[in-house]
């Protein structure tokens with residue numbers, strides 16, 4: 001049975017907050033409850049009538065706020081069961097955060113092979129992306145991702161050591177689900193969205209070694225900064241993709 005969120009986790013929207021659209025204030029209140037852990041990942045929210053009463057708003061206003069959070073993959077509705085705080089799992093990873101598929105459109109979850117786990121001092125590029133100083137302690141992780149048995153992606157992750165205290169190679173390698181699930185369940189860090197920049201480049205020695213491509217072969221590099229609540233950066237990732245038979249595919253939608 002999923003854990004239920006106690007209705008006492010929510011307080012009425014203060015009257016002095018009037019001026020901003022009410023549904024945005026409700027959304028902000030829900031986000032605070034989720035970020036603080038009062039609404040744990042996987043837990044079910046109180047019923048709409050209970051929650052609207054606790055917040056002092058109409059069900060319509062509440063629904064507007066929860067609609068936004070569902071669209072942002074923070075909440076998920078399950079027919080006949082209620083509204084839940086979304087959990088990072090394989091399905092969410094494939095839908096929201098993985099965009100590589102074979103040129104003929106075949107799309108499958110990658111097989112992840114661990115390559116390296118190191119404690120390092122942060123270089124300038126990841127430090128800038130994470131809003132930290134160069135030289136701060138960091139964890140650097142390298143993975144190789146296989147699609148249809150072929151090495152296609154090299155991921156290099158840089159994590160702020162202070163955010164991931166207690167993370168060891170053993171703990172990382174033995175995670176039961178996705179990397180973002182590990183962040184969420186073990187460290188209370190929920191990745192909500194990511195900013196990405198992509199560019200073409202020639203394969204260097206590390207890419208040649210890990211992906212088995214020819215030196216200087218054209219590859220695609222995607223630099224991702226993963227963000228949690230409040231757009232706080234928590235992970236910097238450089239993905240190098242062998243695009244000989246694979247493509248980066250991203251579905252764009254109109255703003256609501």
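Residue numbers (the UniProt record's numbering): 1 to 256. C-beta: ideal position from N, C-alpha, C; glycine also.
When the Cα atoms are used, residue 114 and residue 143 turn out to be separated by approximately 5 Å.
Within the DSSP secondary-structure output, residue 84 pairs in a beta bridge with 44 and 76. Unbroken alpha helix (DSSP H) runs of no fewer than 4 residues, entirely contained in the region 172-244, are found at 179-187 and 205-211, following chain order. When DSSP states are grouped into helix, strand and coil, residue 153 belongs to the strand group.
Between the region 208-215 and the region 175-188 there are fewer than three inter-stretch CB-CB distances shorter than 8 Å, so the stretches are not counted as touching. Across the structure, residue 158 and residue 201 are spaced so that their CA atoms are roughly 20 Å apart. In this structure, the alpha-carbon of residue 181 lies about 12 Å from that of residue 192. Within the same chain, Cβ atoms closer than 7 Å to the Cβ of residue 77 are found at 70 and 83, the five residues on either side in sequence being excluded. In this chain, the alpha helix (DSSP H) harbouring residue 130 covers 124-130. By the Cβ neighbour-count rule, residue 86 is buried, with 16 or more other Cβ atoms within 10 Å of its own. DSSP places residue 120 in the strand class (E or B) of the three-state scheme. As the crow flies, the alpha-carbon of residue 68 is around 9 Å from that of residue 75. In this structure, 44 is the residue among 64, 44 and 61 with its C-alpha nearest to the C-alpha of residue 79.
When secondary structure is reduced to three states using DSSP, residue 4 falls in the strand class. A direct Cα-Cα distance of roughly 11 Å separates residue 117 from residue 138. In the three-state reduction of the DSSP assignment, residue 96 falls in the helix class, which pools H, G and I. One alpha carbon belongs to residue 12, the other to residue 124, and they sit about 44 Å apart. When Cβ pairs closer than 8 Å are counted between the two stretches, the region 23-37 is seen not to touch the region 145-160, the count staying below three. CA-to-CA, the gap between residue 73 and residue 107 works out to about 21 Å. When secondary structure is reduced to three states using DSSP, residue 136 falls in the coil class, being assigned neither helix nor strand.
The region 47-62 makes contact with the region 20-35, as at least three CB pairs between them are under 8 Å.
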